[in-house]
Structure formats: structure tokens, C-alpha cells
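Here's the structure we're looking at; comments come further down.
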Amino acid sequence: MKCFIIAAAIAIATLGGWSSSSTADAAAILHYRHLDLVTSHQATSSLDAGRSTPSFAVTGDKQNADLQAAGSASADLDKRDDDDDDDSSDDDSSDDSSDDSSDDSKGGKSDSSSSSSSSSSSSSGGPTSGKTFTGTGTFFTPSKEGGSEGACGGNNADDASIVALNQEQYGDTSEKSSWCGKEVKITVGSKSTTATIQDACPDCEFGDLDMTPNVFEKLGDLDTGELDIKWQLA
């Protein structure tokens, strides 16, 4: 390329019709053309050098790196979810265990309360001196007058001063109660009388007494059928 430019300059210089100034101008033009060619060659070399590594290869490597990072993040999230599920399962198990313990504790209190209530009921219904009971007084037909034999044993006539105690206070009617043979004082208003517990009344409620007609008549009229009574150990 340089040889071609020099030869062209010599040819122009030898032309007779050209002046020295024209020769200088021609040399300057050729110099600038040479610079353009050199610059163009350098630009082409730079472009080729830039193309030596395809841009899609760099982009592909970056995408692969991004995919690997995303996969790693997803794996971390899955692990955290598994850990959270395990923690939740442990919490549920702990709650269930706590609930069971609480239920057992409540059940124990309930049983204890029931036992205490039953014991209190039995003791409050037992033959205690000075304790007053209230209830309903009725009358029945004794065994010698056509009724059944008393739970405390023995046959009693219509004129016997006996009463049958309600089953709740009496207890097991197949056995002789601690109340059997106890004398009680029964009061209705201003009237009162005494009688002996000799039987049990299955249909009576707590505090009730079922009397022979002889006892009932001392407190009220048989036609009334029942009386509001108060009674205690005599």
C-alpha cells in the first residue's frame, strides 16, 4: 500500500504542467488518504477482535449462572418450608399433649368433686344428733294390716308409732341401716310427736318420712294425705 502511494506521488511530480504548489497539495491529499486507510484498517481489526467472543456466548453464561442461582434459592425455600412443617407438627403434638394433660387434670378434679359430694351427702344424711331435716310426711299401711314387712325387720301393726325413712338417707334397703331403731321427733307447726324408724320408703325424697296412720293423725288430718314436716333425732 505504501509503495503504491509513493509511486503515485513521483508520477505526479514528473508531470510538466504541475507547479510546485500543486505537487505539495497532491502530496497532502495522498497523506490524508493514507491516514484514512490506516484508520479504516485499525477499525476493521478492532471490530474483528470484538467479534472473537460472540455476545450470545456471554449472555448464555450469564443465563446459566442466573438459573443456577434461582435453583439454589428454590432449594433453600423448600428446605425452609420443610423445617416450618416440622416445627408446626411439633407444636401441634405439644398442644395435643398439653390438651390431654389438661383434660386428665380436669377429669381428676371432677372425680374428686363427685366423691366429695357423695361423701358429704352421705354424712349429711346420717343419724346426727341435733341436725334438723325438712321434707314431706305421708302415711302407709303396716305389714300386720296388709302391708309388707319393714326394711329394718319385724311386723308392725296399724297403731305402732313407726316411720319409714326415705331411701336416699336410709341407704341399701337390702341391709339394715344405721337409722333403724332411731327415735325421731317430728314437728308440724305447733304439733309434734315421736316415732321410731323401722322401714324404708323407696318413693320418698331426701328428708321425707312415711308414717303409720297413728303417727300421722297426731300431726294432721289423714284426709290431707301429706304434711310439711321438720324432724330430728329425739
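The number in the numbering used here is simply the position in the sequence shown, starting from 1, with 714 added.
Ideal Cβ positions, reconstructed from N, Cα and C, are used throughout, including at glycine.
On the CB-based measure, 16 or more other CB atoms within 10 Å of its CB, does residue i come out buried or exposed?
i: Pro856; result: buried
i: Leu923; result: buried
i: Leu936; result: exposed
i: Ala871; result: exposed
i: Thr848; result: exposed
i: Thr938; result: exposed
i: Gly921; result: buried
i: Leu941; result: buried
Residue i: which of the options sits nearest, CA to CA?
i: Cys915; options: Leu947, Gly851, Thr907; result: Gly851
i: Cys918; options: Thr846, Phe854, Thr842, Lys845; result: Phe854
i: Ser892; options: Pro841, Ala948, Lys944, Ala878; result: Pro841
i: Ser888; options: Gly864, Ile911, Lys905; result: Gly864
i: Cys894; options: Ile911, Lys905, Phe930; result: Ile911
i: Thr901; options: Thr846, Lys944, Gly849, Gly844; result: Lys944
i: Ile876; options: Ser843, Glu940, Thr907, Phe920; result: Thr907
i: Ala909; options: Phe920, Lys932, Gly921; result: Lys932
i: Ser843; options: Gly934, Val929, Asp873, Glu897; result: Glu897
i: Leu947; options: Gly868, Gly867, Leu879; result: Leu879
Need the endpoints of the alpha helix (DSSP H) that residue i sits in, please.
i: Phe1014; result: This structure leaves residue 1014 out entirely; the chain is present only between 715 and 948.
i: Pro927; result: 927-931
Contained beta strand (DSSP E) runs [length at least 3] in the region 881-919, N- to C-terminal order: Unbroken beta strand (DSSP E) stretches of 3 residues or longer found wholly inside the region 881-919: 897-902, 905-915, given in chain order.
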